[in-house]
Structures are given as C-alpha cells and as structure tokens.
Amino acid sequence: MPQHSSLRDGVQPAQRLRTQTAIGAAATDPDRREARIAWLLALPAITLLVLFILLPTAAVIVLGFTDFELGYGSFRFVGFENYAELFSDRTFRRSLWNTTIYTAIVTPVSIVLALAIAMLIEAETKGRAFFRTVYFLPVASLLVAMATVWQFLFHPTIGPINTFLAVFGIAGPNWLGASGTVLYGLSIIGIWQSVGFNMVLFLAGLTAIPRELYAAAEVDGAKTWFDRFRLVTWPMLGPTTLFVTTISIINSVKVFETVKTLTEGGPNKASEVLLFTIYQEGFVYLRVGYASAMTVVFLAILVVLMFLQYRVLDRKVHYA
2 MPQHSSLRDG VQPAQRLRTQ TAIGAAATDP DRREARIAWL LALPAITLLV
52 LFILLPTAAV IVLGFTDFEL GYGSFRFVGF ENYAELFSDR TFRRSLWNTT
102 IYTAIVTPVS IVLALAIAML IEAETKGRAF FRTVYFLPVA SLLVAMATVW
152 QFLFHPTIGP INTFLAVFGI AGPNWLGASG TVLYGLSIIG IWQSVGFNMV
202 LFLAGLTAIP RELYAAAEVD GAKTWFDRFR LVTWPMLGPT TLFVTTISII
252 NSVKVFETVK TLTEGGPNKA SEVLLFTIYQ EGFVYLRVGY ASAMTVVFLA
302 ILVVLMFLQY RVLDRKVHYA
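Just so you know, we're using our numbering here: the sequence shown kicks off at 2 and counts up by one.
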C-alpha cells in the first residue's frame, strides 16, 4: 500500500509538469507569432534605416581615413592624416567658430520669441488660427525663393531695414557685404525661420497644461501673470522646452541654405559655416576623404551637444 501511494504521488507530479509545460508552450505560441508579425511590419523601416542612415554613416567614417577624391579610381588609407590636417586648417577653425556664434545667437532668441508669441496667441480668444498661420509661414516658405526678398531687405542703400534705422539717425551697415555684420544678418534670417516652428511646439505644450493648475495657483496666492508663468507654465513646459532646445540647436548647427544662397561664405570667409565648408571640400574641391573627416567631426559635435544638453536640462524637467 505505501508503495502504491508512493507511485501515485510520483506519477501525478510528472503529469502535472507535462501539463504545465504544454500550457506554457501553448501560451508562448501566440507571443512568438505576434513577435514575428511585429518584426515583419518593422522590416521595411529597419531596411531603410540600414540602407540610408547606418551604411552611409559607416561609409563616411571609413572614407575619413582615406585620401579618396572624386574622379580617381584608386585611394589609399592615410590613418589620421585627414584629422591632423583638419585641426590645423584655418578655414575649418573659422567655420567652426562662425557656426558656434550663429548657434549661440539663433537658438536662445528663437526660443524666447517663440514662447512669447505662443503665450500671446494662447491668451487671445479671437484670430488664433490666423496668427498661427502667419507665424508659421516662414517654416513653409522656401528660403531659396525668399533670398531675393532678404537681399532687398538687407540692401545697404534702398533696403527697408537701413531706411528704418536712418529715421532714428543710425547709419545702417552693409549687412551681407561686410565681415563684421554678415553673421548677424544671417542670424536674423535664422531666427525668422525658426520662430514659427518653435511657436507651434510651444502652443502644443501650452494646450496640454491643465487649467485647474492655474486656478489652484491663484488660490495659493499667484495673482500676477508672472507668478502663474513662474509657478505653473514654465515648470509644466519643461519637456516641450527640452525638445524645442534640442531641435533648435540641431537646426542652427546645420545651417547651410542661407550661406549658400546669400553669401557663399563671404566676405573673407566671415560667414563660412561647417556644412558649407564640408560642401566645398566634397563637391567643389572633390576631396571626399577630407570632407568625410569633417563630417565625422561635425556628427561628433552634435552628439556631444545633445549628451551635455540632456545631462544638464533633463534633470530640471518636470514630467507630468
């Protein structure tokens, strides 16, 4: 009798184990099927990512260690010679400095103006759609098509900007023709381009703030608009501000169209920026290896900027 009981007790756990295994296998089959379907659906995007982003990036990194030039059938690996030449190149250092100045002007000014405009539009009960469209027009406009307009606006003698300054007795400069002012003129255009896009992002962030928070802040003593902005609006806009700052820095560092269309990097390389220098080396002088090394440095600068920005700003962001 004890042996029979022991046998029975030994068989039941084994059957129970087999049953649980079968149930587990049956449960995992739908999960595996869903995983396969998910990978199949993501395959086109993954393929495009590999073909148009990862492989070109890898090719640029490899070419940065060569002396490859367009039109020549052969090339050789030169190690870090391109990078050594790069950091001793006065043109590269000048373009890096110009890009830094341009970014330092355009990014903060466009963010502050966009936030101010977004708050004014959000506070206005009538004409919101009209003002949103008006301020977003520069984003939808082609800069190449607007180049003639900006050349007229910045004209040293007949331009409206200098004409307006003359009313106050200020002699307007040659905005795009003088080394000391060309970068500021391009920065004004960059701000004009960026404000509309940043404004739309801030409007989305403002719309997502619960109205109850303003009522609660007013009960707690926040009577003025500045108190409500400081205690409610600004903290709740933290994620939006972080995103807007990131996008603004990237777009500022990538400036190219205004330089290519209006100044060609002049006068005396006073408006030459990183992307324009890369374009010149790769497509004008055909030094693809050297231009690839510049591109790697350019990408490294973007990565470092984004890393530092998230390390500093993300800690101060309030996520609801």
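For glycine and all other residues, C-beta sits at the position ideal for the given N, C-alpha and C.
Reduced DSSP category for residue i - H, G, I as helix; E, B as strand; rest coil
i: L8; result: Annotation note: pLDDT 45 at L8 (below 50); position unreliable, coordinate value reported separately. Helix, per DSSP.
i: T164; result: helix
i: F88; result: coil
i: T182; result: coil
i: G158; result: For the record, residue 158 in the displayed sequence is Thr; it is not Gly. Looking at T158 - three-state DSSP - the assignment turns out to be coil, as it is neither helix nor strand.
i: T100; result: helix
i: E257; result: According to the sequence displayed, residue 257 carries Phe and not Glu. Note: F257 maps to coil in three-state DSSP.
i: F93; result: helix
i: S69; result: The sequence shown places Phe at residue 69, rather than the Ser named in the question. The answer is coil: DSSP assigns F69 none of H, G, I, E or B.
i: L78; result: The sequence shown places Phe at residue 78, not Leu. Reduced to three states, the DSSP call for F78 is strand.
i: N175; result: coil
i: S322; result: Here the chain comprises residues numbered 2 to 321, so residue 322 is not present and cannot be evaluated.
i: R324; result: Residue 324 lies beyond the residue range present for the chain, which begins at 2 and ends at 321; the question has no answer from this structure.
i: L238; result: coil
i: N269; result: coil
i: A294; result: helix
i: F153; result: helix
i: A223; result: coil
Sequence-distant residues of its chain with Cβ nearer than 7 Å to residue i (five each side left out)
i: W151; result: I190, L263
i: V297; result: V61, I62, G65
i: L303; result: I251, V254
i: R129; result: I122
i: A119; result: M200, F203, L204, L207
Supposed close pair residue i, residue j - CB separation, criterion 8 Å
i: G222; j: F137; result: With 8 Å as the limit, G222 and F137 do not qualify as a contact, their Cβ atoms being about 37 Å apart.
i: G290; j: T67; result: 4 Å
i: A115; j: F203; result: 6 Å
i: F277; j: G266; result: 5 Å
i: L144; j: Q194; result: 7 Å
Start and end residues, alpha helix (DSSP H) containing residue i
i: L276; result: 275-280
i: Y136; result: 129-141
i: D228; result: 226-229
i: A59; result: 56-64
i: L263; result: Where L263 is concerned, there is no enclosing alpha helix (DSSP H), given that its DSSP letter is neither H nor E.
i: V220; result: 212-220
Buried or exposed (CB count within 10 angstroms, at least 16 for buried), residue i
i: R288; result: buried
i: G160; result: buried
i: L71; result: exposed
i: A294; result: buried
i: T259; result: buried
i: M147; result: buried
i: E125; result: exposed
i: S89; result: exposed
i: Y103; result: buried
i: S75; result: exposed
i: L55; result: exposed
Sequence-distant residues of the same chain with beta carbon closer than 6 Å to residue i, five excluded per side
i: P174; result: T182
i: M2; result: In this prediction, M2 scores a pLDDT of 44, lower than 50, which makes its location untrustworthy; the coordinate-derived value is nonetheless stated afterwards. Result list for M2: empty, nothing under 6 Å.
i: R133; result: none
i: T108; result: S249, I250, S253
Cβ shell of residue i (< 8 Å), same chain only, five flanking positions each side left out
i: L214; result: V233, M237
i: S6; result: Legend: pLDDT at S6 = 48, less than 50; position of this residue unreliable, value from coordinates given subsequently. Cβ neighbours of S6 beyond the five flanking positions: none.
i: H327; result: The chain is shown only over 2 to 321; residue 327 falls outside these bounds and no answer can be derived.
i: T92; result: K270, E273, T278
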